[in-house]
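Data first, discussion second: the structure below is written as structure tokens.
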Amino acid sequence: PLFSQNLAAIPNEFDGAMEDFTNIGPPIPARQFAEAALLTDPIKVQWWNLHQLNECHPSLVKVPTMVIAGDMDPYTNMATQVELFTNLGKGVDRVWSVIGDADHAVHLAEER
56 PLFSQNLAAI PNEFDGAMED FTNIGPPIPA RQFAEAALLT DPIKVQWWNL HQLNECHPSL
116 VKVPTMVIAG DMDPYTNMAT QVELFTNLGK GVDRVWSVIG DADHAVHLAE ER
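Residue numbers 56 to 167, in the working numbering, belong to the letters of the sequence shown in order.
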């Protein structure tokens, strides 16, 4: 699994639920997301085997795909996004959108 099931449970906290929202002054949807996350998932996920994410090569994706990236995402650089997009399965419809002034959680921003 991507996360350990054997580690001691650590309670999820508001700041942890907000960590993907890195722009200063998180918008209302970000706060609503964090509040909902705490209600539905009160235990913090402890990522353990992140190397497994790389085992799913983009060429194996055979469905229409939209890749969305925020240009201020501190977790994923543009070179990684280019590699992901260009290696998606051939013959599959795809779109890549880079959103300005957006962070890692760009897909949750209502104003976009």
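All residues carry an ideal CB built from backbone N, CA and C; glycine is no exception.
Fill in: Buried or exposed by the 16-neighbour rule on C-beta atoms within 10 Å, applied to Phe76
buried
Worksheet item: Do Asn78 and Asp128 come within 8 Å of each other at the CB atom, strictly closer than that value?
Response: no
Worksheet item: Is Ile65 helix, strand or coil by DSSP?
Response: coil
Worksheet entry | Span separating the alpha-carbon of Gly71 from that of Ala64 | 14 Å
Worksheet item: For Pro113, which of Ala160, Asn67 and Arg149 has the nearest alpha-carbon?
Response: Among Ala160, Asn67 and Arg149, the Cα nearest to that of Pro113 belongs to Arg149.
Worksheet item: Who pairs with Ala134 in a beta bridge, going by DSSP?
Response: DSSP lists no partner for Ala134.
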